[in-house]
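Count the sequence shown with this note's numbering and you get residues 1 to 246, in order.
By construction, the Cβ of each residue, glycine as well, lies at the ideal position given by its N, Cα and C atoms.
Okay, so here's the structure we're looking at.
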Amino acid sequence: MTKTPAKPAPKKRKKRAAPTLGPEKTARLYAALAEDRPAPKTELEYHNPYTLVVAVALSAQATDVGVNKATKKLFKVADTPEKMLALGEDGVADHIKTIGLWRNKAKNVIALSQLLVDEYDGKVPETREALTKLPGVGRKTANVVLNEAFGHETIAVDTHIFRVSNRTGLAPGKTPDEVEAQLERVTPDEFRKGAHHWLILHGRYVCTARKPKCWDCVIADICKFKDKTPDPARKGKTSDLGPKGP
1 MTKTPAKPAP KKRKKRAAPT LGPEKTARLY AALAEDRPAP KTELEYHNPY TLVVAVALSA
61 QATDVGVNKA TKKLFKVADT PEKMLALGED GVADHIKTIG LWRNKAKNVI ALSQLLVDEY
121 DGKVPETREA LTKLPGVGRK TANVVLNEAF GHETIAVDTH IFRVSNRTGL APGKTPDEVE
181 AQLERVTPDE FRKGAHHWLI LHGRYVCTAR KPKCWDCVIA DICKFKDKTP DPARKGKTSD
241 LGPKGP
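Okay, structure coming up:
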């Protein structure tokens, strides 16, 4: 009896990247953000790469303002891994009790400090691979440290950058990793160093989650977001913003 040949498995289609703004509009968007904030930087307060690692790790599910209040006194007594280990987990915990998840974060701060002493002579490594091996340090934290402390052209995608990238059409994606990959692909070389800060600050203060300040936005004419918030000063009048972009 002749066997019927098995049908070949259907080829998996490669996922197409979501459509972006295109090179010309992307360059215009970054140029406008750069002009609006010519010297962007993190709002976390730190003294050196080590305290930056700690501050960023503590900022998960917490505000920069809240972290700065907690670390102001902490970093006065412990600004190196060795000093942090001498302070101990209970000592760290006492300083950061106002921050969410403080118990687990205190454990991570001591654990990452110990690893830095044991493996890196107390110095913060300058690679993403090494940074993400530190307890409490994920890809986002590593990217922030690489960008802010060492000048690498990395983009850490947090909730603000994820929102701005999708809302504007700059770098749409369903996950932070997808958005990061899109941003890496579309961001022009001259804007790569400051991209992280421009996008996060824009999301924090202008392109806010519930009611974006579209009337005060320097990229409103480029942004694809259709339901733009009208200027409250023009209440009762037709908004002149309208849907922007195709």
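Taking a 10 Å sphere around the C-beta of THR98, we find fewer than 16 other C-beta atoms and assign the residue as exposed. Look at HIS197 here: in three-state DSSP terms it is helix.
Assigned with DSSP and collapsed to three states, GLN114 falls in helix.
Taking all protein chains in view, the Cβ of ALA209 is surrounded by fewer than 16 other Cβ atoms within 10 Å, so the residue is classified as exposed.
For ALA62, the secondary structure class from DSSP, reduced to helix, strand or coil, is coil. Looking at the backbone, the Cα of LYS41 and that of VAL157 are separated by about 15 angstroms. For LEU131, the uninterrupted alpha helix (DSSP H) run begins and ends at 128-131, by DSSP. Going by beta carbons, THR26 and LEU170 fall inside the 9 angstroms limit. Looking only at VAL164, THR51 and ALA181, the smallest Cα-Cα distance to GLY203 is reached by VAL164. The shortest C-alpha to C-alpha distance from PRO176 to any of ARG192, VAL186, ILE155 and PHE191 is the one to ILE155. Counting C-beta pairs with one atom in each stretch, the region 55-67 and the region 84-94 have fewer than three that are closer than 8 angstroms, which means they do not touch.
Within the region 67-154, the alpha helix (DSSP H) runs of at least 4 residues that lie entirely inside it are, in chain order, 81-95, 102-120, 128-131 and 139-150.
Taking the CA atoms as reference points, ALA32 sits about 14 angstroms from CYS207. For the pair THR141 and VAL53, the CB atoms are nearer than the 9 angstroms cut-off. Taken through DSSP and simplified to helix, strand or coil, ARG37 comes out as coil. Taking every protein chain shown into account, the CB of PRO188 has fewer than 16 other CB atoms within 10 angstroms, so this residue is exposed. Per the coordinates, the alpha-carbon of TYR46 lies some 11 angstroms from the alpha-carbon of VAL145. For ALA149, the number of other beta carbons within 10 angstroms of its own is at least 16, and it is reported as buried.
Note on ASN48: under 16 other CB atoms within 10 angstroms of its CB, so exposed under the neighbour-count rule.
When DSSP states are grouped into helix, strand and coil, LEU44 belongs to the coil group. With respect to the 9 angstroms criterion, TYR120 and ASP79 are not classified as neighbours on the basis of their beta carbons. In terms of Cα proximity to LYS228, the closest of ALA111, GLN182, HIS160 and ARG167 is ARG167. Relative to the Cα of ASP231, the nearest Cα in the group LYS224, LYS211, ASP90 and PHE225 belongs to LYS211.
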